[in-house]
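Below you'll find the structure, written out as structure tokens, and then a few comments.
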Amino acid sequence: MPEVDAAAWASLERFDAALDELHPAAPGRSDAAAWSTWLLGLRRELAARGHHAPAGPAGPLWHCLAQFLAGARDLDLRDCTGDGHGAIVLTHAPAGTARAWRQQLRAGELIGIAATERHGGSRIREISAQARLSTGGRWLLTGEKCWVSRLTEAAAFVTFVRDPDGRISAVLVNADDPHIERDVIEPFGLGGWGWGVLRLHEVPIDPATALLGTPGSGLDIFRQHFTRFRPLVTATALGTAAGVHHLVTDALAARRDVGDLPRIRDNALITLGRAHAEITAALLAALTTTRLAAAGHPAAGLYARLGKAVGVDAAVRAVTELAPLIGAAGYQRSHPVAKARADLTGLLYADGIHDSLYRSGGTSLLTAPATSRTAPLAAAV
Ligand SMILES: Cc1cc2nc3c(=O)[nH]c(=O)nc-3n(C[C@H](O)[C@H](O)[C@H](O)COP(=O)(O)OP(=O)(O)OC[C@H]3O[C@@H](n4cnc5c(N)ncnc54)[C@H](O)[C@@H]3O)c2cc1C
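So the sequence shown is numbered by UniProt numbering: it starts at 1 and just counts up by one.
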């Protein structure tokens with residue numbers, strides 16, 4: 001990664017050291033409110049200490065690696081740094097709005113995304129949340145979004161609606177608007193941030209400040225954002241798998257060293273080796289996709305969709321195969337291996353459900369000219 005110079009590596013090492021210092025002070029996971037407050041506090045503390053991606057070409061790769069380091073501690077640390085979904089606002093909001101949010105995101109505020117509706121998140125083209133034209137050119141938003149993450153922590157939501165002309169547009173909705181209603185749902189895993197339903201009851205917005213991009217550009221914004229965002233999600237999931245790999249390797253080595261295990265069996269050695277190789281390969285793919293996305297390569301979206309599905313699948317498989325090697329102790333609800341298994345299953349749906357991603361990748365490959373299927377790899381090295 002020639003873009004990541006010595007200064008960027010040093011800054012990544014400082015970020016890693018800060019996580020080493022701050023993570024052990026995390027509260028127990030049984031109190032969801034305390035855990036969510038701590039996660040948001042961690043994000044603000046890291047921001048206050050100046051841990052963020054460097055400017056220039058090193059930035060996106062730094063961020064991808066930072067997500068890996070965060071995920072290695074706990075998948076719930078996935079928003080501890082970076083602009084997250086706020087990147088949509090920084091890229092597409094009117095200048096004044098983007099400027100104000102740049103400062104807030106830098107200070108550790110969080111922006112969520114509200115796209116999914118009851119009919120199915122894999123069919124965003126069919127959304128029905130509606131913006132109606134009101135007095136003075138304002139829009140009134142009505143509709144319901146479901147399975148929204150960062151529901152109680154986000155200061156605003158990038159929300160996909162049908163604009164008054166029926167086109168899909170992205171708008172920014174402030175979380176403290178009194179016309180918003182939020183219902184929290186308890187998830188099976190990925191419980192760090194609030195998750196659930198966001199209802200919009202004639203929420204007034206001014207498109208002059210809250211419309212992202214141009215009217216009708218919602219789908220383009222969605223695609224463009226997830227091309228950059230999916231490799232970050234993938235790197236975080238792989239970090240979590242790497243964290244489990246470390247735990248299992250250390251546990252086996254400790255049992256061998258005290259004589260508890262006379263020798264490490266082949267099945268364990270094979271699993272350790274294969275999981276390491278698969279995690280590394282998928283992380284390298286995520287970094288390559290990050291680089292392609294930063295360069296605006298036309299195939300970056302394809303690599304991001306397929307890379308997210310195959311990378312998260314690799315992380316899930318690695319943890320599933322590694323977990324039994326630690327024995328029943330790892331099956332306790334409070335054990336980090338048990339938590340990692342439950343958390344990773346959430347990423348099989350969030351940020352793109354896998355059958356849809358693979359299917360969409362297959363469709364793109366059938367329609368793409370043969371040269372563009374492999375050219376991105378040459379461009380990335
Ligand atoms: C932990 C978590 C966090 C999330 N965070 C957010 C968030 O912050 N913001 C947000 O907007 N959403 C969020 N989501 C929602 C997520 O994006 C959706 O779950 C995902 O897009 C899939 O949508 P769905 O669950 O409605 O399933 P569906 O779209 O209903 O898909 C379910 C299954 O049906 C299949 N299917 C679809 N159409 C057909 C068809 N015609 N024939 C046969 N099968 C079909 C799909 O391929 C899939 O297998 C989150 C979800 C989870 C689990």
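Every residue gets a Cβ at the ideal spot worked out from N, C-alpha and C, and that includes glycine.
Beta bridge counterpart(s) of TRP139 as assigned by DSSP: LEU133, ILE205
Buried or exposed (CB count within 10 angstroms, at least 16 for buried), HIS92: buried
C-beta atoms of LEU193 and ASP76 nearer than 9 Å: This sequence places Trp at residue 193; Leu is not what is there. Yes, the pair counts as a contact, with Cβ atoms nearer than the cut-off.
Beta-carbon contacts of ALA107 that lie in its chain and below 8 Å, excluding the five residues immediately before and after: ARG44, ALA47, ALA48
LEU149 - partner residues in DSSP beta bridges: The sequence given here places Ser at residue 149; Leu does not occur at that position. Partner(s): TRP195.
Reference TRP147; option with closest CA among SER122, ASP177, THR209: SER122
Beta-ladder partner(s) of ALA170, from DSSP: PHE160, LEU212
GLY112: first and last residue of the uninterrupted beta strand (DSSP E) it sits in: 111-114
Any 3 or more C-beta pairs closer than 8 Å across the stretch 156-168 and the stretch 202-216: yes
Proximity test, ARG359 beta-carbon vs ligand 1 heavy atom, cut-off 8 Å: yes
9 Å Cβ cutoff met for THR152 and VAL197: no
Residue from LEU272, PRO262, LEU133 with nearest C-alpha to THR249: LEU272
Sub-9 Å separation of GLY82 and LEU232 beta-carbons: yes
Cross-strand partners of LEU200 (DSSP beta bridge): GLY143, ILE180
Cβ separation of LEU344 and THR234, assumed to be a contact under 8 Å, to the nearest whole Å: About 11 Å; that fails the 8 Å criterion.
Residue of LEU325, PHE229, ARG305, THR288 minimising C-alpha distance to GLY112: PHE229
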